[in-house]
Each structure stands twice: as C-alpha cells, then as structure tokens.
Amino acid sequence: MRTMILVAFSLWAGLAAGQTRPEPSPAADRARLEPLAQAWFKENLVPFQSDVLSRPELKAFVDMVGDARVIGLGEPTHGDQQSHSFKTQVVRELVRQGKVSMLVLEMNRAAGDRVNKYVHGEGELTEVILRGGIFQNWRTDEFANLVAWLRAYVQQSGKEFRVIGVDCQDPAEDLGVV
C-alpha cells in the first residue's frame, strides 16, 4: 500500500509541476547536425589517390593525426582487402613514428590477448590467425602481415606495444583474460 501511495504521489507531483519531456526527434537532430558534419568534411577531407598511399600522402595522414591520443580507422565493409591494406600501411607508419603504442581491435578479448602474446614472442602466427578465435574478417594476409611486422618491431625496438580485443562476444572465455 505504501508503495502505491508513493508512486501515485510521484506521478501527481510530476504532472502538477508541468514537467514534460519532449520525445527525442531523430529527424530534428539529423536536420541540425547533418549540415555541420558536411561542412566539417568539406573543410577537413583529404582524398587519397588509391588505397596504397604514396609517401607524401602517408606523411600528410600522419601530420593530420598530430598529437591525437585516440585514432579510429574504420572500413566500409568488414574484411575487404583495400581497407585492410590501407589500415596496415597507416598503422605501421604510426607505430614507426611513435604515435601509436596500442592497437584496439574489433575481436574478442581472449583473441586479442592471443594476438598480443604473439606480438610479444609467444606462439605461431598461423595458429593465432587461423585457430586463435579471431573473427573471420581478421583472417587476411594483410592482418597476418601486420601482426608479424608488429612482432618484429617489438623485438627489434624494445618498445612497448599492446594489442587488445574489445568486441566481447564470448564472455565465458573473455573472463579468463581479465
């Protein structure tokens, strides 16, 4: 009985105060934000001639990154060769220039941990790529070459580097990594 009275009083108090909340309007938000986004793209977009960057294009990209602490690299579709090729080239250059010390990937945490261990000298590349629990879209020559390159980079430079998976679709296995 006490709960019902409290709920009824809360409803009455909210109505009496004239508090109404407008429903969010995706159309209104889009109408407001889309011109801002388009203007930003027009001002900042730097087109590349192909998915294989020339040295000047790669330098321009690294310069654009500046002192950013987080850099996001996406793709139009999962697993396409051009996106993997582009991202591999960009990540290598960012690592070489000391701008990146961690790679956060769309894969289970446990799979990311296996990739990280490989980068630090444990295991075989084929096992990690084909049977390490990584998603199909990462089972590419480009990604395998990047992981092998990262291993050589860490061994030769002695610099810190981490690989982390953040797309936890297997929580039972991922809990073992935490």
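Counting from 49, one number per residue, gives the positions in the sequence shown under our numbering.
The beta-carbon is built from N, C-alpha and C at its ideal position, and this holds for glycine as well.
Every value quoted in this text rests on a predicted model; they were computed, and no experiment measured them.
query: Classify residue 156 as buried or exposed, calling it buried when 16 or more other Cβ atoms lie within 10 Å of its own Cβ.; result: buried
query: With which residues is residue 117 paired in a DSSP beta bridge?; result: Paired residues: none, contrary to the question.
query: Identify, in the order they occur along the chain, each residue of the same chain with its Cβ nearer than 8 Å to the Cβ of residue 99, setting aside the five sequence neighbours on each side.; result: 130, 131, 133 and 134
query: Identify the residues that DSSP records as bridge partners of residue 213: which are they?; result: 153
query: In the structure shown, what three-state DSSP assignment does residue 90 receive?; result: helix
query: Can you tell me whether DSSP reads residue 190 as helix, strand or coil?; result: helix
query: Using the beta-carbon count (16 or more within 10 Å), is residue 58 buried or exposed?; result: Note that residue 58 scores a pLDDT of 48, beneath 50, so its modelled location is shaky; the value from the coordinates is reported in the next line. The residue is exposed, with fewer than 16 neighbouring Cβ atoms inside 10 Å.
query: Tell me whether residue 178 is buried or exposed, calling it buried when 16 or more other Cβ atoms sit within 10 Å of its Cβ.; result: exposed
query: Considering Cα atoms alone, identify which of 200, 187 and 151 is closest to residue 169.; result: 200
query: Give the secondary structure of residue 218 by DSSP, where H, G and I count as helix, E and B as strand, and everything else as coil.; result: coil
query: Counting along the chain, where does the alpha helix (DSSP H) carrying residue 133 start and finish?; result: 129-144
query: Count Cβ pairs between the stretch 109-125 and the stretch 142-156 that sit closer than 8 Å; are there 3 or more?; result: yes
query: Helix, strand or coil for residue 101? Go by DSSP, reduced to three states.; result: coil
query: Quick test of your reading: residue 195 and residue 167, contact by CB under 8 Å. State the CB separation rounded to the nearest angstrom.; result: 6 Å
query: May I ask which residues mark the beginning and end of the alpha helix (DSSP H) holding residue 175?; result: 173-179
query: Quick one: using the 10 Å Cβ neighbour count with 16 as the cut-off for buried, is residue 89 buried or exposed?; result: exposed
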